[in-house]
Amino acid sequence: MPSDSPLKPLYEASTQFRNWRFSHARLNQIRSTLNDAAVSVIRTTFEAYEVEFSCFPARVVAQCLQPGSSANVTFLTADEELLLVTFYATMITQICGRFRFPEEVEATAVSYLKRFYLKNTVMDWHPRNVMLTALFLATKTTNNPISLEAYTSHIPKTSASDVLDLEFLVAQSLRFEFAVWHAHRALWGIWLDIQSLPDTPPDFATTQSNIYDIALTHVRASRLTDAELIYTPSQIALAALHLAAPDIAKKWLQSKDDTLPRSGSEPPGILASVEGIQELIAKSGHVPDVEAVREVDRRLKLCKNPEKVVGSKAYLAKKAEEDKKAEDKRSRKANDTAVVDPFGDALERPKPGLVDYDDDDDDDDD
1 MPSDSPLKPL YEASTQFRNW RFSHARLNQI RSTLNDAAVS VIRTTFEAYE
51 VEFSCFPARV VAQCLQPGSS ANVTFLTADE ELLLVTFYAT MITQICGRFR
101 FPEEVEATAV SYLKRFYLKN TVMDWHPRNV MLTALFLATK TTNNPISLEA
151 YTSHIPKTSA SDVLDLEFLV AQSLRFEFAV WHAHRALWGI WLDIQSLPDT
201 PPDFATTQSN IYDIALTHVR ASRLTDAELI YTPSQIALAA LHLAAPDIAK
251 KWLQSKDDTL PRSGSEPPGI LASVEGIQEL IAKSGHVPDV EAVREVDRRL
301 KLCKNPEKVV GSKAYLAKKA EEDKKAEDKR SRKANDTAVV DPFGDALERP
351 KPGLVDYDDD DDDDDD
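Per full-length UniProt numbering, the very first residue in the sequence shown carries number 1; after that it's consecutive.
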């Protein structure tokens, strides 16, 4: 017997719908919680090593801790972290232009970068290397691969280790959920659908192509905002089209549901989403102020987690601790396997060099 419940869109079965959509309030809470936790951990680390090296000159302490101390460091706020992440999202666009990567790669890499920093903080992992890793990962997950050597050789001051060292961490932070539903694809679908409407002129696609180009520009601007973490790709695409050509957007929306009012006005729910997205694009859909970014990046050098700074005393101590834990875990596992062997005890082998000559003598007597 067929079910009376309506079929769900494919998008609602995706990991993006289930795991990567939030409210404005929830996003603020996640970022604030991450920021508070990072500040607490880094301040504690600074203070611990300041006590340990209190008998040494200040210059020695600074070299061991790298970068600063809890007394004179102003830690980044959640908004400042987001500013830095947004800036490096714009760097993805520049690098994709250099390599001529398709739109899918660029959009996917930006999504990876934003998702990563819903699980991590820039005070632990600088966005530059995370951005490079996210983009390299996106080339593979979208089936547009490039060799690591070709990739890093065309990006100044970048080595293979800058990418590979973070690749597993990035994938893990993404929960190994690499598929991304994009607004630019939804926009293209709407654009094709408009051309199939009964009263659409045959030459619409050629004479009105500028409308699509403007809408696509708005979609690209939305990548610098939280839109994709709050709204669906189709909602973002509709909002972008509405910015480019409100009448055409309303016409398409009306064609999707005959129950909508014929006055040309959108239903309240859809209108609220469209307006919310347009406000985000107007407020945040632009390249951040470079001077503001430089100031945040300068302060980041002073408040970066010393346990993540390669070569620092804190980093070496943390690495030694992790190596010891890993070795202890391997030892426990080996001991447990030795005690309880699922294949049973090993068969005893005769000691080499021992021969039973008595049996041979008995055979000769017979």
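Virtual Cβ for every residue (Gly too), placed ideally from N, Cα, C.
Distance between residue j and residue i (C-alpha atoms, nearest Å)
| i | j | result |
| --- | --- | --- |
| Ala13 | Thr141 | 19 Å |
| Pro9 | Thr232 | 11 Å |
| Thr108 | Val293 | 23 Å |
| Leu65 | Val39 | Caution is warranted here: a pLDDT of 48 is assigned to Leu65, below 50, making its placement in the model unreliable, and no coordinate value can be reported. |
| Trp20 | Leu224 | 16 Å |
| Ile146 | Ala334 | 40 Å |
| Ile155 | Lys283 | 31 Å |
| Thr121 | Asp36 | 10 Å |
| Arg18 | Leu238 | 22 Å |
| Leu7 | Thr44 | 52 Å |
| Trp191 | Glu279 | 23 Å |
| Arg332 | Ala160 | 35 Å |
| Asn210 | Phe204 | 11 Å |
| Arg330 | Glu149 | 34 Å |
| Thr86 | Asn144 | 24 Å |
| His218 | Asp199 | 26 Å |
| Glu167 | Pro202 | 48 Å |
| Ala249 | Val130 | 37 Å |
| Thr207 | Gly189 | 18 Å |
| Lys251 | Ile270 | 14 Å |
| Leu34 | Glu295 | 21 Å |
| His184 | Val41 | 40 Å |
| Lys325 | Ser234 | 48 Å |
| Asp257 | Phe178 | 33 Å |
Residue environment, residue i, which counts as buried when at least 16 other CB atoms sit within 10 Å
| i | result |
| --- | --- |
| Gly285 | buried |
| Arg220 | buried |
| Leu16 | The residue you asked about is not Leu; residue 16 is Gln in the sequence shown. Flag for Gln16 reads buried. |
| Tyr88 | buried |
| Phe176 | exposed |
| Asp180 | Note that residue 180 is Val in the sequence shown, not Asp. So Val180 ends up on the buried side. |
| Lys273 | A quick correction: the sequence has Ser, not Lys, at residue 273. Buried. |
| Glu47 | exposed |
| Tyr11 | exposed |
| Glu106 | buried |
| Val170 | buried |
| Phe136 | buried |
| Leu197 | exposed |
| Phe101 | buried |
| Ser32 | exposed |
| Ser23 | exposed |
| Leu174 | buried |
| Leu164 | exposed |
| Cys55 | Residue confidence is low: Cys55 scores 45 on pLDDT, short of 50, so the model does not pin down where it sits. Its coordinate-derived value is still stated next. Burial call: exposed. |
When the options are compared against residue i, the one with the closest alpha-carbon
| i | options | result |
| --- | --- | --- |
| Leu82 | Glu279, Asn305, Asp289 and Asn335 | Asp289 |
| Thr90 | Val110, Glu291 and Ala150 | Val110 |
| Glu291 | Glu80, Leu34 and Arg31 | Glu80 |
| Ala227 | Gly276, Val130 and Val170 | Gly276 |
| Arg98 | Ser153, Leu84 and Lys114 | Ser153 |
| Arg299 | Phe204, Lys114 and Thr77 | Thr77 |
| Gln195 | Val163, Ala160, Ser255 and Val180 | Ser255 |
| Thr74 | Lys325, Arg330, Gly269 and Lys301 | Lys301 |
| Gln172 | Lys250, His218 and Lys119 | Lys119 |
| Ile281 | Glu104, Ile236, Asp257 and Gly269 | Ile236 |
| Glu104 | His182, Ala249 and Phe178 | His182 |
| Ala186 | Tyr212, Phe178 and Val163 | Tyr212 |
| Tyr151 | His184, Cys96 and Leu253 | Cys96 |
| Asp162 | His184, Ala134 and Leu34 | Ala134 |
| Leu253 | Ser222, Val287 and Asp193 | Asp193 |
| Val287 | Phe178, Ser222, Ile214 and Ile42 | Ser222 |
CB-CB length for residue i against residue j, believed under 8 Å
| i | j | result |
| --- | --- | --- |
| Ala138 | Tyr112 | 6 Å |
| Thr158 | Leu132 | 6 Å |
| Lys114 | Leu229 | 7 Å |
| Asp297 | Leu84 | 7 Å |
Residue i at chain B interface by Cβ criterion, 8 Å
| i | result |
| --- | --- |
| Val110 | Checking the listed chains, one finds no chain B in this structure; it contains a single protein chain. |
Quiz item: Would the segment 17-30 and the segment 234-252 be scored as touching if the rule is three or more Cβ pairs under 8 Å?
Solution: no
Exercise. Indicate whether the contact test is met: 3 or more Cβ pairs, each with one atom in the segment 301-310 and one in the segment 117-128, closer than 8 Å.
Key: yes
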